[in-house]
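Read through the structure below, which is laid out as structure tokens, and then see the notes.
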Amino acid sequence: MANDNLRTTDFLPSRFKGETINSDLARAHFLAFQDYLDAHNIAQPEDNAALLRITNTFKRTLEGQARLWIEGKQFQSFQELRTRFLARFSPSNSHFAKSQEFQALTYTAGDTAEVHLAKISKAAHMLQYNDDQIRDKFLSSLTTQCRSAVLMAAPMDAPLPLLVDKAQCYFDLQSSQNSTAIAVAADVMTTQDMREPTPQDKTIQSDMQDIVHRMEALESKFTKSEQPNEKSRSSRSRNREQRGNFAQNRRRSNNRFSNQRRRFNSIICDFCSRQGHTWRNCFERLNQTAQSYAQYEQNDFWQAPCQRTYQNFR
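One point on numbering: in the UniProt record's numbering, the residue at position 91 of the sequence shown is 91, and numbering is uninterrupted.
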């Protein structure tokens, strides 16, 4: 004889949490619960008392979000329990998945206001949302410019049909402006292509070509002139380095006459203003003195003074 008292120790230890929305996991768990009922020869409930007892047993197989979902719910049949459980934890039928789809609805470019409202209304009716929620979703899903235009054109408590009309007016105006701008641009381009160039256009075109040729010539000339300048700069830098190295080598020389040469080079003659000797050893001064003495030697009157002068200079 079958035992109607269900024991929790006879059931599978794993429990269904419902954290992951997956129809296969939910169906597998309910099938495992049906296997448990069949193993204990428990038939389908025929009255409310038997249904309540099976429902309470099914609660013990749930935990987490799944346990919170079933708490406080009443079912009219075992088939309703199965249907609502699978609908809740299946991605295509769960209330949570539908709510996420409703929140993700946005306006698709090219749709009319009526089409956009129909999408929102369909998703809202599946979630049993009211008209106020549909109205708020319709406004929030519009683009920023369209929403601003609708709110400025309609009062705060405007009904949903009026908001749809204002949004459609904005879409029509936007499409007409875009088409007008495209048509004007096409007309301008066509007119420019078809008309013949005027003498003024030809003059401007020739002037522009002359400017381009001059710029190219200047650029090529500048490029050619850079090369000899670079060579001259490099040669000057090499000469400067050679002179610097020569001077440095002379400073490092250990020749004992180097200081003496520098000392003589720093001496300047007071008579001829040349370096290397003093006025006493100046050959130019001595030659001039000798010539003067030879000239005055012929004159007896100047002979003695010239001799004294010659002796003094020596």
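Beta carbons are placed, not taken as given, at the ideal position from N, Cα and C, and that holds for glycine.
Predicted model only: the values in this text are computed from it and were never measured.
Would a C-beta distance cut-off of 8 Å place residue i and residue j closer than the cut-off?
i, j, result
"Ser-121", "Ile-134", "yes"
"Phe-85", "Phe-138", "no"
"Thr-278", "Cys-272", "no"
"Ser-90", "Ser-23", "yes"
"residue 341", "Phe-16", "Here the chain comprises residues numbered 1 to 314, so residue 341 is not present and cannot be evaluated."
"Leu-160", "Asp-136", "no"
"Lys-119", "Leu-142", "no"
For residue i, which residues from the same chain have a beta carbon less than 7 Å from its beta carbon, with the 5 sequence-adjacent residues on both sides left out?
i, result
"Cys-146", "Ala-167, Tyr-170"
"Ala-154", "Leu-162, Leu-163, Lys-166"
"Ile-182", "Model confidence at Ile-182 stands at a pLDDT of 49, short of 50, so the residue's coordinates are unreliable; what they give is reported in the following sentence. There are no such residues."
"Phe-283", "none"
"Asn-287", "none"
Locate the alpha helix (DSSP H) running through residue i, then write down its first and last residues.
i, result
"residue 342", "Limits of the chain in this structure are 1 at one end and 314 at the other, which puts residue 342 out of reach."
"Phe-75", "Element bounds for Phe-75: n/a, residue is neither H nor E."
"Cys-282", "Where Cys-282 is concerned, there is no enclosing alpha helix (DSSP H), given that its DSSP letter is neither H nor E."
"Arg-15", "Here Arg-15 belongs to no alpha helix (DSSP H), and DSSP marks it neither H nor E."
"Thr-144", "144–153"
If you run the structure through DSSP and keep just helix, strand and coil, what is residue i?
i, result
"Ile-268", "strand"
"Met-103", "Looking at the sequence provided, one finds Gln at residue 103 rather than Met. DSSP places Gln-103 in helix when its eight states are reduced to three."
"Leu-62", "strand"
"Gln-128", "coil"
"Phe-89", "coil"
"Gln-174", "helix"
"Gln-44", "coil"
Of the choices the options, whose alpha-carbon is the least far from that of residue i?
i, options, result
"Ser-175", "Val-150, Gly-110, Lys-202", "Gly-110"
"Phe-58", "Met-208, Gln-34, Gln-65", "Gln-34"
"Met-126", "Thr-289, Phe-102, Ser-140, Asn-56", "Phe-102"
"His-95", "Ala-123, Gln-79, Thr-106, His-40", "Ala-123"
"Glu-19", "Leu-62, Ser-99, Leu-52", "Leu-62"
"Asn-56", "Tyr-129, Ala-87, Ile-70", "Ile-70"
"Arg-82", "Leu-51, Gly-64, Leu-68", "Leu-51"
"Asn-48", "Asp-38, Ile-42, Gln-76, Gln-209", "Gln-76"
"Gly-64", "Ser-14, Thr-112, Arg-27", "Ser-14"
"Glu-114", "Met-152, Glu-46, Asp-172", "Asp-172"
Beta-carbon within less than 6 Å of residue i's beta-carbon, same chain only, minus the 5 sequence neighbours each way: which residues are those?
i, result
"Lys-73", "none"
"residue 323", "Residue numbering for the chain in the displayed model covers 1 to 314; residue 323 lies beyond these limits and cannot be assessed."
For residue i, collect the residues of the same chain with a Cβ closer than 8 Å to its Cβ; drop the 5 residues on either side in sequence, then sort them by chain order.
i, result
"Leu-25", "Phe-16, Phe-89"
"Leu-151", "Leu-139"
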